[in-house]
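Visitor:
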Amino acid sequence: MSFLAPLALISALVIGPIIVAMYLLKLRREERTVASTFLWRRMVRDVEANAPWQKLRRNLLLLLQLLLLALLVLALARPFFPTTGIAGRNLILIIDRSASMAATDVPNSRLEAAQRQAIELVDQLPDGGRATVIAAGGQMEVPAAATTDRRQLRDAINGIRVLPGNSDLSPALTLAAALSASEPESEVAIISDGNVRLPSDLRMPATVRFFPIGTRSENVAISALTLQPSTAGQTLFAQATNYGTTPTSRRLDIYLDGSLFNAYNLELLGGRDQAIVAEVPAQVRVVEARLVDDTGSDALAIDNRAWAVSNLGDSTVVRVVGPGNRFLETALGLLPSVQPQLVPASTSTFTETAAQVPVTIFDGVVPPTLPPGNLFFIAPIGSTAFFSVTGQLDYPSLRPATGDDPLLRNISLSEVNVLKASRIAPGPWARIVVDGDGGPLLLAGERDGRRIVVLAFAIQQSDLPLQVAFPLLISNIMSYLAPGSGAEAAQLAPGQPLAIPVDESITSVRVTLPNGELVDVTPQNGQAIFADTIQFGAYVVEQRQGDRLVGRRRYAVNMFSPEESRIAPQSELAVPQTSGLQQAVTQERVGRQEFWRWLAALALVVLVIEWLVYHRNGLIYLRQRWRARRAA
Amino acid sequence: MAEPLFDSTFLRKLDRLALLTRQIMAGDMQGERRSPRRGSSVEFADFRPYAVGDDIRQIDWNLYARMERFFLKLFVAEEELTIHLLIDSSASMDWGEPNKFLYARRAAGAFGYIALSSLDRVSATAFADTSRQLPSVRGKRGALPLFNFLQNLSAGKGGDLLATCRRYVQTNRNAGPLLFCSDLMDDNWQEALRVLSSRQFEVTVLHILSPQEISPQLDGDFRLLDAESGEAVEITADLEALQRYQENLASWRAEIERFCNGRGINYLQVNTATPVEEFVLSNLRQRGVLR
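As given, the protein sequences belong to chains A and B, one line each in that order.
Residue 662 is where the first sequence ends in this note's numbering, and the numbering goes up by one at each step.
Residue 345 is where the second sequence ends in this note's numbering, and the numbering goes up by one at each step.
1) Any chance you could list the alpha helix (DSSP H) runs of at least 4 consecutive residues sitting entirely within the segment 615-655 of chain A, in chain order?
2) Shorter than 7 Å from the beta carbon of Phe68(A) to some beta carbon of chain B?
3) Check whether the Cβ atoms of Thr290(B) and Asp275(B) sit closer than 7 Å, and answer yes or no.
4) Look at the alpha carbon of Ala206(A) and the alpha carbon of Ile122(A), and state the distance between them as a whole number of angstroms.
5) Determine the chain B residues that contact Ile49(A) at a beta-carbon separation under 8 Å, and present them in chain order.
6) Could you list which residues in chain A have their beta carbon closer than 9 Å to that of Ser146(B), in chain order?
7) Would you call the segment 283-299 of chain B in contact with the segment 164-174 of chain B, where contact means no fewer than 3 C-beta pairs closer than 8 Å?
8) Chain E partners of Asp273(B), CB-CB under 8 Å?
9) When we look at the beta-carbon of Val18(A) and count the other beta-carbons within 10 Å, is it buried (16 or more) or exposed?
10) Suppose the cutoff is 7 Å on Cβ atoms and the five residues either side in sequence are ignored; what does the same chain contact list for Gly468(A) look like?
11) For the candidate residues Ala586(A), Gln264(A), Pro501(A) and Val570(A), whose alpha-carbon lies nearest to that of Arg356(A)?
12) State the start and end residues of the unbroken beta strand (DSSP E) segment that holds Pro36(A).
13) Is the separation between the beta-carbon of Ser197(A) and that of Gly167(A) shorter than 7 Å?
14) When DSSP labels each residue in this structure, what does Arg227(A) get in the three-state scheme?
15) Could you check if Gln264(A) is buried or exposed, using at least 16 other CB atoms within 10 Å of its CB as the buried criterion?
16) Rounding to the nearest angstrom, what Cα-Cα distance links Phe101(B) and Ile110(B) in this structure?
17) Give the C-beta separation of Ala614(A) and Val238(A) to the nearest angstrom, bearing in mind that I take them to be a contact with Cβ-Cβ under 8 Å.
18) Output the distance between the C-alpha atoms of Ala65(A) and Glu288(B), rounded to the nearest integer angstrom.
19) Pull up the distance between the alpha-carbon of Gly516(A) and that of Ser509(A), whole angstroms please.
20) Check each candidate in Gly556(A), Pro527(A), Gly581(A) and Ala558(A) and name the one with the smallest Cα separation from Gln565(A).
21) Would you mind sorting Glu154(B) into buried or exposed? The rule is 16 or more other CB atoms within 10 Å of its CB.
22) With a threshold of 7 Å between beta carbons, is Met73(A) in contact with chain B?
23) Since Leu255(A) and Val317(A) should fall inside the 8 Å C-beta cutoff, what is the C-beta to C-beta distance between them, to a whole number of angstroms?
24) May I ask you to report which of helix, strand or coil DSSP gives Asp153(A)?
25) Provide the residue(s) that pair with Thr265(A) in DSSP beta bridges, ordered along the chain.
26) I need the boundaries of the beta strand (DSSP E) containing Trp149(B), first residue and last residue.
27) Buried or exposed: Gly93(B), going by 16 or more other Cβ atoms within 10 Å of its Cβ?
28) Find the nearest neighbour of Arg315(A) within the set Val570(A), Met589(A), Ala631(A) and Ser609(A), judged by alpha-carbon distance.
29) Pop quiz: Ala186(A) and Ala202(A) are said to be a contact at Cβ under 8 Å. What is the actual Cβ separation, rounded to whole angstroms?
30) Closer than 7 Å, CB to CB, is Arg341(B) near chain A or not?
31) Mind checking Tyr222(B): buried by the 16 CB within 10 Å criterion, or exposed?
32) If you follow the beta strand (DSSP E) that Val675(A) is part of, which residue opens it and which one closes it?
33) What does Leu5(B) reach in chain A if we use C-beta pairs closer than 7 Å?
34) To the nearest angstrom, how far is it from the Cα of Trp626(A) to the Cα of Val549(A)?
35) Exposed or buried, Asp478(A), counting other C-beta atoms within 10 Å across all chains shown (16 or more means buried)?
36) Would you say the segment 621-641 of chain A touches the segment 102-118 of chain A, given that touching needs at least three Cβ pairs under 8 Å?
The following block contains the structure:
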């Protein structure tokens, strides 16, 4: 413990003697003559039997006053304990609000603990110190930017809610780096459980301190829930994973369209999963799985529920223009809600609207006029309005883009060899998903409201169709081009926008949220985009032509994120800094926890006690009255 | 000249009262009270054989006729009683509102007057460091000297209660009812009362306390000075201390009462806030001291 204003202690030397002097002056008693001190002597004799305490009692007021003085002087001296905290004047607070922060292993939740820690840090700011609050996870937000207003900072911190998205700290750290570079004495404080994705190439110009939150790692989550058509009806596949380390048991309740269907007892070893496969009737539309935790050890509740929807019967027509491709047709045939429509390669006019045929695949052909809807070009032989073909590549090697492109989900392309591919110069709309030597091999992007994917090589010109990656790639591509047609088509990650290709004849698209709320989306440029998929659960999307319902699809938004479900708190965070440190600083006692308020509060209590002691006669009188009343 | 002790209406009321004694006691002169001695009255007491020198007028001749032997017929003697009034005039008595000493004098006066009106002898003594005595008076004529004596008494300094009592008992030959007016605020009160009750005195203790002693109105820190010795006691008078004082007082009075009951002493507590008239006319009669 040290003092910020030790000079205040001197005041005790001045006031203390004054109190003692006043007390000594007051000790001169009033003299009064009585008939005889006979009875008083007797009384005093009784009293002196417990003299030490009596002596103390006589001096009680003095002692209390001295105590009061001591407390007040101590409070004035502003004592503090060094704590883990911050030392700078410009604080950039990054608060993780990803789903794992909803874990309840610390009181209330990790997010609340983080908020408490953040407020503590804000309280430690020196006078005139500024702070910026960044909420990371999902969409990054900055609820308070470089402000000295503590109330605003507190409101901003307390306003942060868990956002079930990924916990990518890159944008937050990039912003923090930019903010701290321009401001001396900056410090970046990351309050998180440590289960975050960090940028690898960033070097922070300021000290980065990490305040780890969380204690336990016990969490069981539903890691997969799908509904697939089968011969008898539908096959339900549910998988629960124990992300903790200790074996535990759970009950998995399966609800079909809201009513309980079955319950399974699961015994889960640490780090292992267990799957359930069940046949359910064909008419089931929505399946909900709930993990029931009787042990009370589960720290994260939001991943204990999952939904799967069935769109059986509603399939997307995919037009395949080409000479015929057995691999492609087989892969498409595996997709439950895709209905391939084979069209001869010579076809050049397309009359159907985008609502009737949302996706067209050109396998080795490029017609002079392109049909409406989303397009998938395989090994294009000529240029189109979207790209131009400039030549040919021989034996290109495949270099998938970094990051997790949805097209490459669950796919490894490292074993794939390509004989030759078209050299393609992409337009600015396209992102390169797989790069090759001399030109991109897989492109994807959006232009004029339509999605376009280009695969630069013919399937037959590679060993891709012989690999596991092929059907998955086709499934991913179809999920991208026709949302709701791939194997996981009806599954959305939270926050992932829902883009529904629509016809000109569709006047409105109505989305029913899991909580029953209705949202009307107006289609624009041939598609309706609904982005507010924060809630977990089943969404119903209805397409309307005026008052007429023309199509209904269901989507399920689930977490299914091992990153977030793995809630084991990390004690260190690798954030390289320009000072040479490779780790964020943890547990360094540079903060100052002042506690003069507590001393002042204690002084107030002592003051009240002193006052009560001074008026003890009144108290005794009240007590007697009370006793008399109770006895009566 | 101090104010008169009583007004005439109160004295007329006192005329109707008489002193009760529990024991039969001997006196010097003929009076109105039964004496343990034989003497001349109308009440027959006993016979005894004639001895040479006896008054032959007292021989019962009827008995001689029957028994042929001389017997004297004896009668109960009726004699006066000496009432002792013992008043503590130490400085501690001259205190309180109403004053304890005045109260003691008035109570003693009333008592003495009642005795005088029934032809008893009254002897009054005030004692402090020195004692002053009224030579015994008798009959209603003695009332005036008694009242004068009491009126002119003034409180002295302190005094040794035990020594005074011892001297009084030794010097006074005629035992009789004794009224002891004191606040008993002396460490030797027990010993003093024992001395008084050791002879044939029929002791009545009038324990006089002022309201200020019974429930002191003090609040704060005080240095209490003894009126007699000047001794100081420092107290912090809070409600709790006063409560303890009260408990102490009660136990002290209970102790005195127990002591007196054990020795046949009549113990009367009186608060000077009670008017003397009321005390004499009702309390004393209730306690069987007066009739």
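C-beta: ideal position from N, C-alpha, C; glycine also.
Guide: By the coordinates alone:
1) Positions of the alpha helix (DSSP H) runs, each at least 4 residues long and wholly inside the segment 615-655 of chain A, are given as 626-644 in order along the chain.
2) Interface annotation, Phe68(A): in contact with chain B, CB-CB separation under 7 Å.
3) For the pair Thr290(B) and Asp275(B), the CB atoms are nearer than the 7 Å cut-off.
4) Taking the straight line from one Cα to the other gives about 6 Å.
5) Within 8 Å Cβ-Cβ: nothing; Ile49(A) doesn't reach chain B, min ~17 Å.
6) Residues of chain A whose Cβ lies closer than 9 Å to the Cβ of Ser146(B) are, in chain order, Val64, Ala65, Ser66 and Phe68.
7) No, the segment 283-299 of chain B does not touch the segment 164-174 of chain B.
8) This model lacks chain E altogether; the protein chains it does include are A and B.
9) Any answer about residue 18(A) is impossible in this case: the structure gives chain A only from 31 up to 662.
10) Hits under 7 Å: Leu423, Pro426 and Arg453.
11) Selected option, being the one with the closest Cα: Pro501(A).
12) Pro36(A) -> no beta strand (DSSP E), and no H or E assigned at all.
13) With respect to Gly167(A), Ser197(A) sits close: the two C-beta atoms are nearer than 7 Å.
14) Secondary structure at Arg227(A): strand, using DSSP grouped into helix, strand and coil.
15) By the beta-carbon neighbour count (other beta carbons within 10 angstroms, threshold 16), Gln264(A) is buried.
16) Their backbone Cα atoms lie some 14 Å apart in a straight line.
17) Their Cβ separation, rounded to whole angstroms, is 4 Å, which keeps Ala614(A) and Val238(A) in contact under 8 Å.
18) Cα to Cα, Ala65(A) sits roughly 15 Å from Glu288(B).
19) Reliability fails at Gly516(A), whose pLDDT of 48 lies under 50, so the model's placement of it is uncertain and the value that follows must be treated cautiously. Whole-angstrom Cα-Cα distance: 4 Å.
20) Measuring from the Cα of Gln565(A), the nearest candidate turns out to be Pro527(A).
21) Before going on, a small fix: residue 154(B) reads as Lys here, not Glu. Counting Cβ neighbours within 10 Å, Lys154(B) comes out buried, since at least 16 surround it.
22) Yes, Met73(A) counts as interfacial toward chain B.
23) For a cut-off of 8 Å, the C-beta gap from Leu255(A) to Val317(A) is around 7 Å, short enough to register as a contact.
24) Looking at Asp153(A) - three-state DSSP - the assignment turns out to be helix.
25) Gln258(A) and Glu309(A).
26) Segment: none, Trp149(B) is in no beta strand (DSSP E) and carries neither H nor E.
27) Exposed is the call here.
28) Arg315(A) has its Cα closest to that of Val570(A), out of Val570(A), Met589(A), Ala631(A) and Ser609(A).
29) About 14 Å separates the CB atoms of Ala186(A) and Ala202(A); that is not less than 8 Å, and the two are not in contact.
30) Taking Cβ atoms only, chain A never reaches closer than 7 Å to Arg341(B), which makes this a no.
31) Buried is the label assigned to Tyr222(B), since at least 16 other Cβ atoms lie within 10 Å of its Cβ.
32) Summary: the structure shown does not reach residue 675(A), with chain A confined to residues 31 through 662, and so no result is reported for it.
33) A query on residue 5(B) cannot be resolved here, the shown segment of chain B reaching from 55 to 345 and no further.
34) If you draw a straight line from the Cα of Trp626(A) to the Cα of Val549(A), it is about 53 Å long.
35) The residue in question, Asp478(A), is exposed, as its Cβ has fewer than 16 Cβ neighbours within 10 Å.
36) Under the three-pair Cβ rule at 8 Å, the segment 621-641 of chain A counts as touching the segment 102-118 of chain A.
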